[in-house]
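Trainee: If you read the sequence shown in my numbering, its first letter stands for residue 3, the second for the next number, and so on. My questions will all concern the structure given below.
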Amino acid sequence: MRIQLPIVSVNNDSHHGGRAALTCRFRCGDACFHEVPNTTTNPYVGDVIADALSRRTVMRAAAVVTAATAVGASATVAAPKANAAESAAATAATSTRHASRGARGLRFEPVAPNTADTVTVPDGYAQNVVIRWGEPILRGAPAFDPENQTAESQSKQFGYNNDFLALLPLPGERHRQVLVANHEYTDEVLMFRGYDAANPTKQQVEVAWAAHGLSAVVVEEDRRSGKLTPVPRHPLNRRVTATSEFKVTGPAAGSDLLKTSADPTGTKVLGTLNNCSGGVTPWGTTLHGEENFNQYFANATRATDKRYGIGAAATERKWERFDKRFDVAQEPNEPHRFGFVVELDPYDPTAKPRKRTALGRFKHEGATVRLTDDGRPVVYSGDDERFDYFYKFIGSKRMKKGSSRAVREHNLSLLDEGTLYVAKLTGDSPAIEIDGTGKLPADGEFDGSGEWIPLATATAKGAVSHVEGMTAEEVFVFTRLAGDKVGATKMDRPEDIEPNPHTGKVYVALTNNSNRGVGSNAKADEANPRNANKHGQILELTERWNRADSKKFAWTLFLVAGDPSDPATYFAGFPKDDVSPISCPDNVAFDSYGNLWISTDGNALGNHDGLFGVATRGDRRGELKQFLTMPNGAETCGPVIQDRRVLVAVQHPGEIDGATAEKPLSAWPDGAGKINRPAVVAVWRKDGCDIGV
């Protein structure tokens, strides 16, 4: 059942759809108000389509035009607008029908879009806050005290703005798991009373450094209620911050491009910044993508810095006043040491995290792994920027099975050798049929083919560039420029990318791009079919022969997001009067039935962000249902979908323009007048049964 509330007018010019300017300031450094970093003239999908059409025979072209004329406007999958006067009884009846007949794993009554200041879940489900910002997790950590927070205390407490989540098994400890979380960024306006953005104090800056990074904390399940609670002072509990030491590995390790006055070897880095999404490897480690790292560095002037969005002025947080490594004028190579994928071993709290340079340097939303038929890792990752690219790394070494130290060390080297590729897409419809409105072309689908273009290969003996005019080290450090040179396809903010463990199909979340088709910017193409794209889409990619190491693929747009009553939306062909509205897909995950779960960021329909489940196969393919919604100002992150539990990160609650630590604009999670605290929430069925069955 599609449940529609009145649409509220919102400002959709931001980098994150309808997100508040406060979020833009602190998460991405106002990326939406800066010049688009990708100013290259490499071909857009529409140009490639035109080239392809010119090579077709006249007869083929005539056939396409004839088909388009015959189908006409009926090619667009349309749905009747919602009847605002629908009775409450009819709504309840439809909801019950919808819950009982949904795809297995998605049989719940969908939550209505709303603006309630709470986490809203379906009828019959319960929830609890697992852990909040500032809760003690390491030995010696004090209780959270927002009025007297110090860097030392924060470094032993759960970090700020939890994003990616992973729940890993803990052998030998019944009903316990290891929770790993990213802490993407800090919002000092909401963290500190009396915060002066023009003159932050040294203590505030050091607390912010300690609030960034990663947390690992053991959690325990109450089998009677379904609750998860942290286990403080467990030996595996860990904090990694902006000042922790990291090891640089792979082809760029030791490069002159990574050497600084503090690290003349180019192999050691302090900290990780803006960790957004991530992934879990088959060998039991976690991957964490460094995304909007550019905003932490000041006084940049080089073209390579500009391509990464690093500004020439002071930063929002003014960290460069307290550590020269954030001043590009003093430490020109320091920004080159961020923008990588970090690998963490959550079972060894003494092991240094590693920055994997073979996966390239860009604004990694995350990194997810699929194995080839012979056991080599394939890593997918999106570059979260308007008009940027998505990538694949194919490893050259096979994963070993077992738990010995030798096996673990071998597997911890898998992401250092292999080839990095970037995606180039071709549509299969005439360019004239892609008019920027989201209307389906004559063949009834936005689809086409694609290829993975090699950028560079890393081996134990060295690295080789496949990009003319660039060395291998330059490719791995300036990966965006390599993508520019080979003509990669410019996309609408490619974010999380996840292979379906049941089918092997790969799903790419494209969050939005309000700049597409505006001014001199690239216009709509078949993979990005709407100009001024406020709502985003999800692309489904099928590797040739379903082999993870294939160099070619087919693609189709699985979802074109927005209000189902808008003709410019598409839900894999499923009737649009039977789906929930969705806007700005961000993170994705799968359940054990192969359903895709989507969290949103920046809902441009005027409602709060949420978590959605959608069937990817069978006669219910495309049926999308909303599972939960966020409180005021919050974004849905995570998520983790288990048979009996759903876990989400409630990021930046109360982050609304005008909000401060003294004047919160959300009462979540601790009640009115309390400081807002990002937190992790668990949801389960009250009757103890599996989710959605």
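Yeah, the Cβ is synthetic: ideal placement off N, Cα and C, and Gly gets one too.
Find out if the Cβ-Cβ distance for the pair Ala-212, Gln-156 is shorter than 7 Å.
Mentor: Cβ atoms of Ala-212 and Gln-156: closer than 7 Å.
Trainee: Let's see if you can read the secondary structure: which residues bound the alpha helix (DSSP H) around Asn-758?
Mentor: Missing from the structure shown is residue 758; the chain here goes from 3 to 695 and no further.
Trainee: Among Gly-142, Gly-624, Ala-563 and Arg-623, whose alpha-carbon lies nearest the alpha-carbon of Asn-605?
Mentor: Considering only alpha carbons, the answer is Ala-563.
Trainee: Beta-carbon within less than 6 Å of Phe-395's beta-carbon, same chain only, minus the 5 sequence neighbours each way: which residues are those?
Mentor: These residues qualify, in order along the chain: Leu-361, Val-381, Gly-420 and Leu-422.
Trainee: Indicate the three-state DSSP secondary structure (helix, strand or coil) for Phe-342 in the structure shown.
Mentor: Phe-342: coil per DSSP, three-state reduction.
Trainee: Please go through the same chain and pick out, in chain order, the residues whose beta-carbon is closer than 7 Å to the beta-carbon of Asp-49, but skip the five residues on each side of it.
Mentor: Because the pLDDT at Asp-49 is just 39, under 50, the model does not fix this residue reliably, and the point stays unresolved.
Trainee: For Gly-620, collect the residues of the same chain with a Cβ closer than 8 Å to its Cβ; drop the 5 residues on either side in sequence, then sort them by chain order.
Mentor: Hits under 8 Å: Ala-105.
Trainee: Going by beta carbon distance, what residues of the same chain come within less than 6 Å of Phe-28, once the five residues before and after it are set aside?
Mentor: Tyr-187 and Asp-189, listed in sequence order.
Trainee: For Ile-677, tell me which candidate among Ala-684, Glu-664 and Trp-686 has the shortest Cα-Cα distance.
Mentor: Nearest option by C-alpha distance: Glu-664.
Trainee: Looking only at its own chain, which residues have a Cβ that is under 6 Å from the Cβ of Lys-249, when we skip the five neighbours before and after it?
Mentor: So the list reads Lys-354 and Arg-356, once near-sequence residues are dropped.
Trainee: For Thr-120 versus Pro-633, is the C-beta distance shorter than 7 Å?
Mentor: Result yes, Cβ atoms of Thr-120 and Pro-633 sit closer than 7 Å.
Trainee: Taking 6 Å as the limit between beta carbons, can you name the residues of its chain near Val-477, skipping five residues before and five after?
Mentor: Once the five neighbours on either side are set aside, the close Cβ partners of Val-477 are Leu-457, Ala-458, Ser-467, Val-469 and Ala-484.
Trainee: Given this structure, state the Cα-to-Cα distance separating Thr-571 from Gly-640, to the nearest angstrom.
Mentor: Whole-angstrom Cα-Cα distance: 25 Å.
Trainee: For Lys-696, report the span of its beta strand (DSSP E) as first-last.
Mentor: Summary: the structure shown does not reach residue 696, with the chain confined to residues 3 through 695, and so no result is reported for it.
Trainee: Within the same chain, show all residues whose beta-carbon is closer than 7 Å to that of Thr-602, passing over the 5 residues directly before and after it, in chain order.
Mentor: Excluding positions up to five away in sequence, the list reads Ile-584, Ser-585, Cys-586, Pro-587, Asp-588, Asp-611, Gly-612 and Thr-638.
Trainee: Suppose contacts are defined by Cβ-Cβ distances below 7 Å. Is Leu-259 in contact with Val-479 by that definition?
Mentor: Yes, Cβ-Cβ distance for Leu-259 and Val-479 is below 7 Å.
Trainee: Tell me which residues share the same chain as Val-2 and place their Cβ nearer than 8 Å to its Cβ, disregarding the 5 neighbours each side in the sequence.
Mentor: The structure shown does not extend to residue 2, since the chain is modelled only from 3 through 695, so no value can be given for it.
Trainee: Below 8 Å, can you find three or more Cβ-Cβ pairs linking the stretch 517-525 to the stretch 548-558?
Mentor: Judged by Cβ distances under 8 Å, the stretch 517-525 makes no contact with the stretch 548-558, as fewer than three pairs qualify.
Trainee: Report the three-state DSSP secondary structure of Phe-187 (helix, strand or coil).
Mentor: Here residue 187 turns out to be Tyr, not Phe, going by the sequence shown. Note: Tyr-187 maps to coil in three-state DSSP.
Trainee: Quick one: give me the first and last residue of the alpha helix (DSSP H) that Gln-156 is part of.
Mentor: Note, Gln-156: alpha helix (DSSP H), 153-156.
Trainee: Which runs of the beta strand (DSSP E) fall wholly inside the stretch 460-490 and span at least 3 residues, in chain order?
Mentor: As far as the stretch 460-490 is concerned, its whole beta strand (DSSP E) runs of at least 3 residues are 464-467.
Trainee: DSSP has Gln-539 in a bridge; who is on the other side?
Mentor: Note: Gln-539 sits in a beta bridge opposite Leu-512 and Val-562.
Trainee: In the structure shown, what three-state DSSP assignment does Lys-394 receive?
Mentor: Correct three-state label for Lys-394: strand.
Trainee: When we look at the beta-carbon of Cys-691 and count the other beta-carbons within 10 Å, is it buried (16 or more) or exposed?
Mentor: Label assigned to Cys-691: exposed.
Trainee: Do you know whose CA, among Ser-567, Trp-547, Arg-532 and Asp-486, lies nearest Thr-306's CA?
Mentor: The candidate whose alpha carbon is nearest that of Thr-306 is Asp-486.
Trainee: May I ask you to verify whether the stretch 496-512 touches the stretch 365-378, counting CB pairs closer than 8 Å and requiring at least 3?
Mentor: Touching, yes.
Trainee: Run through the DSSP bridge pairs and tell me what Met-493 is partnered with.
Mentor: Met-493 pairs with Asp-390.
Trainee: Skipping 5 residues on each side, what residues in its chain have a beta carbon closer than 7 Å to that of Gln-159?
Mentor: The answer, listed in chain order, is Gly-136, Glu-137, Pro-138, Ile-139, Ala-143 and Phe-146.
Trainee: Please state the DSSP three-state secondary structure of Ser-601.
Mentor: Looking at Ser-601 - three-state DSSP - the assignment turns out to be strand.
Trainee: Using the beta-carbon count (16 or more within 10 Å), is Ala-408 buried or exposed?
Mentor: The residue in question, Ala-408, is exposed, as its Cβ has fewer than 16 Cβ neighbours within 10 Å.
Trainee: Quick check: His-412 and Lys-403, are their CB atoms within less than 7 Å of each other?
Mentor: No. Outside cutoff.
Trainee: Only counting the same chain, and skipping five residues up and downstream in sequence, which positions put a Cβ closer than 6 Å to that of Ala-681?
Mentor: So the qualifying residues of the chain are Val-131, Arg-134, Val-652 and Pro-671.
Trainee: Considering only residues of the same chain and omitting the five flanking positions on each side of Glu-247, which have a CB-CB separation below 7 Å?
Mentor: Contacts found: Lys-270, Leu-272 and Lys-354.
Trainee: Between the Cα of Ala-168 and the Cα atoms of Leu-192, Ser-279 and Thr-303, which residue gives the shortest distance?
Mentor: It is Ser-279 whose Cα lies nearest to the Cα of Ala-168.
Trainee: Pop quiz: Thr-251 and Arg-358 are said to be a contact at Cβ under 8 Å. What is the actual Cβ separation, rounded to whole angstroms?
Mentor: At roughly 6 Å, the Cβ-Cβ gap stays under 8 Å, so Thr-251 and Arg-358 are in contact.
Trainee: Please state the DSSP three-state secondary structure of Cys-691.
Mentor: The answer is coil: DSSP assigns Cys-691 none of H, G, I, E or B.
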